[in-house]
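A short write-up of the structure that comes next.
Protein chains in written order, with this note's numbering: chain B, 285 to 716; chain F, 601 to 944.
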């Protein structure tokens, strides 16, 4: 009996963890579907026989974190796929009038749930999947897709290793970790030269927990010597547990690097910005490498004047493409929030699949896979220097990040020049 | 009924539960098989936790440490040395038992008990997670993929998912774990564990070597947990420090036995049978609610709330778990000699 209080107490702790993870969801603004005519979500309990499929709608599955700490992105991505499907269906569908039906799934941010949901979707007749936002979940879902011979288009997930397993059914739209790190380093060099700045040393702060920060940092570090940048400090931190980084930044300040590099998620990026101001960090530039904060309009709202000058080399929609602007405008009207890059990629992924089905002349998973492999899609809304094409491994060969900067309260593309909206500036907000 | 008869009776019960389960993959569709795999997997892990947390009364809030050791050991042996995951599973079990015995010895030796012991185990698991995230050999925080092979291989412990092989593996592990618990339940060792749980000082006064048996409990529980970790790695084909050593692993492992009944033979299974499908059912419920609750359709998060609310109700109103509540009910209905000999 003497043990009762111990585990009663711990049970409360366990519940606290559960409740916290549940509460994180309402914090993310849930899109109200009342305003827009979101397509019906139909999830039949019985899997349809593939033979009776002629008149059946084509089922596409999407798996994203709709609850938990990443729900803000996940819900947008889910809605973006709905919007794409709605447009495709209104335009008459594919294959002479067959429409799409969306099967939505919540990964809850957990690899285990993501995997069982992927199995459920395949079992319910999804002929292609779009997922996942997180590398760990994607790794598991990719294995399911490959095992089930159902094509998977990854909208967002950065880890290189996902496509180094020899998978045939998995394709990725966004730049992988290597592309993020390598182009991040190259663009930094080009930017510095264009601005006439001496950039020789840099300190790197990165998410050392989820594999995301670490993989991008490693790629950057490999490329750095080639472009004449020496990393004088590499500091990993836990993006979801960190509350203060002034100690780390003070240490970095003493090393006097030219640039502060950051790879991580939204809240920790914001914390670094605030702490850098607190310690009056003496750098010439703050440059995010695939950073989840410094290219978000939300950052300008949260940080105000402090947000000025922050640079981020990250995936993005093509802000110089009117079609991209129209899509984002429509999304904002329909769902009441500015459309994030992750949602743009999810939207694009749906169109890539529709294109493949149209070219395949069939909605059989294997035929879709073969058509995806020969994708040559130029009409996209991403800032890539060429059409969307996949290599042997399934990587989008033209996927590139772009460099964005907060200028006068707006996030604008500044590099490379082909997609730039404005000239880059060399400044640090707390020194102005 | 003498001791041997009771033991046989318990094993007969286990067989009566397990044999019909063999038919599951032949009867239901593949999605339900994967649900059944997860249910048995959590029952297995809950059972492993229960040996230490339930029988010996050493509440662990950091079982992920053993789980992660198992997952990484079999995976790295497979990737670097082409060792079969079956052998890797045993190696992981051995390593986890050693680690558990060492860690347990240190904690017990310095009198860390109760809440503080639980926090100590939590800290150890977090420590391993951070070390793993900084260790180059296991690819830091990026994680490790197990290469997909075509077709089935018992040697590589990798199968087509739509078939029942994974199911049979976890069913086998589950039966093994349950057999260990039943043997323990009816043995001197188990009696020592329970004596320590009820009152350490009294047990010591009666001549039980408290430190030694507590360390045994940790090692046994650790070894079984590690085997579950190896199974997870082979089933999911990817692990990283958070999946292996994360807090949510520790929490998930102890939820089932708490809900089912701490320190009972069948508690972890009952808890897993309730919680695993419950999570799935609440998700399905929100996807296609009955017409009267149409407003719930597609509301992400509602499933987590329902799940959480049910958990709170169970823990508030039946703190001794479903098995304990069932016993109390049974005892009230048929007062008699049965009540007396049941443990806790």
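Positions of the beta carbon are idealized from the N, C-alpha and C atoms, including for glycine.
Going by C-alpha to C-alpha distance, which of the options sits closest to residue i?
i                      : options                       : result
residue 392 of chain B : B:409, B:669, B:420 and B:412 : B:420
residue 737 of chain F : F:677, F:709 and F:693        : F:677
residue 347 of chain B : B:417, B:340 and B:371        : B:417
residue 880 of chain F : F:890, F:904, F:620 and F:691 : F:904
residue 566 of chain B : B:553, B:582, B:576 and B:542 : B:542
residue 674 of chain F : F:641, F:895 and F:823        : F:823
residue 454 of chain B : B:701, B:690, B:375 and B:680 : B:680
residue 685 of chain B : B:603, B:478 and B:691        : B:603
residue 862 of chain F : F:612, F:653, F:615 and F:609 : F:653
residue 478 of chain B : B:698, B:713, B:705 and B:655 : B:698
residue 562 of chain B : B:537, B:550, B:578 and B:575 : B:537
residue 872 of chain F : F:805, F:866 and F:856        : F:856
residue 920 of chain F : F:868, F:693, F:828 and F:639 : F:868
residue 854 of chain F : F:664, F:620, F:614 and F:611 : F:664
residue 808 of chain F : F:656, F:637, F:837 and F:828 : F:656
Indicate whether at least one CB of chain B lies closer than 7 Å to the CB of residue i.
i                      : result
residue 636 of chain F : no
residue 923 of chain F : no
residue 631 of chain F : yes
residue 901 of chain F : yes
residue 843 of chain F : yes
residue 761 of chain F : yes
residue 904 of chain F : yes
residue 602 of chain F : no
Output yes if chain F places a C-beta closer than 7 Å to the C-beta of residue i; else output no.
i                      : result
residue 422 of chain B : no
residue 716 of chain B : no
residue 332 of chain B : Note that residue 332 of chain B has pLDDT 44, beneath the 50 cutoff, so the model's placement of it is unreliable and no number is given.
residue 645 of chain B : no
residue 430 of chain B : yes
residue 477 of chain B : no
residue 407 of chain B : yes
residue 404 of chain B : yes
residue 449 of chain B : yes
residue 498 of chain B : yes
Would you decide whether residue i is buried or exposed? Buried here means 16 or more other CB atoms lie within 10 Å of its CB.
i                      : result
residue 603 of chain F : exposed
residue 893 of chain F : exposed
residue 481 of chain B : exposed
residue 715 of chain B : exposed
residue 531 of chain B : exposed
residue 433 of chain B : exposed
residue 607 of chain B : exposed
residue 388 of chain B : buried
residue 501 of chain B : buried
residue 735 of chain F : exposed
residue 821 of chain F : buried
residue 669 of chain B : exposed
Measure the alpha-carbon distance for residue i versus residue j and round it to whole angstroms.
i                      : j                      : result
residue 707 of chain B : residue 474 of chain B : 13 Å
residue 943 of chain F : residue 622 of chain F : For residue 943 of chain F, the pLDDT reaches just 48, beneath the cut-off of 50, and the residue's location in the model is therefore unreliable, leaving the point undetermined.
residue 320 of chain B : residue 370 of chain B : Only weak support is given to the placement of residue 320 of chain B: the predicted model assigns it a pLDDT of 36, under 50, and the value that follows is read from those uncertain coordinates. Approximately 11 Å between the Cα atoms of the pair.
residue 660 of chain F : residue 924 of chain F : 21 Å
residue 722 of chain F : residue 638 of chain B : 48 Å
residue 465 of chain B : residue 844 of chain F : 27 Å
residue 498 of chain B : residue 887 of chain F : 36 Å
residue 917 of chain F : residue 645 of chain F : 25 Å
residue 564 of chain F : residue 908 of chain F : With chain F represented from 601 up to 944, any question about residue 564 of chain F goes unanswered, as that position is not in the structure.
residue 681 of chain F : residue 745 of chain F : 15 Å
residue 790 of chain F : residue 797 of chain F : 11 Å
residue 503 of chain B : residue 468 of chain B : 9 Å
residue 945 of chain F : residue 847 of chain F : Here chain F comprises residues numbered 601 to 944, so residue 945 of chain F is not present and cannot be evaluated.
residue 635 of chain F : residue 573 of chain B : 39 Å
residue 884 of chain F : residue 726 of chain F : 33 Å
residue 350 of chain B : residue 590 of chain B : 31 Å
residue 611 of chain B : residue 731 of chain F : 45 Å
residue 803 of chain F : residue 718 of chain F : 21 Å
residue 557 of chain B : residue 446 of chain B : 31 Å
residue 838 of chain F : residue 397 of chain B : 14 Å
Please determine whether the Cβ atom of residue i lies at a distance below 6 Å from any heavy atom of the ligand FMN.
i                      : result
residue 773 of chain F : With respect to the ligand FMN, the structure offers nothing, as it holds no ligand at all.
Mind checking the segment 719-753 of chain F against chain B and listing, in chain order, the residues whose C-beta falls within less than 7 Å of any C-beta there?
733, 740, 741, 742, 743, 745, 747 and 748
Under 7 Å, CB to CB, which of the residues in the segment 607-624 of chain F have a partner in chain B?
none
Where the segment 835-864 of chain F meets chain B: residues whose CB sits under 8 Å from a CB there
836, 837, 838, 840, 841, 842, 843, 847, 848, 851, 854, 855, 858 and 862
Looking at chain F, which residues of the segment 650-679 of chain B have a Cβ within less than 8 Å of any of its Cβ atoms?
none
Members of the segment 550-565 of chain B near chain F, C-beta cut-off 8 Å:
none
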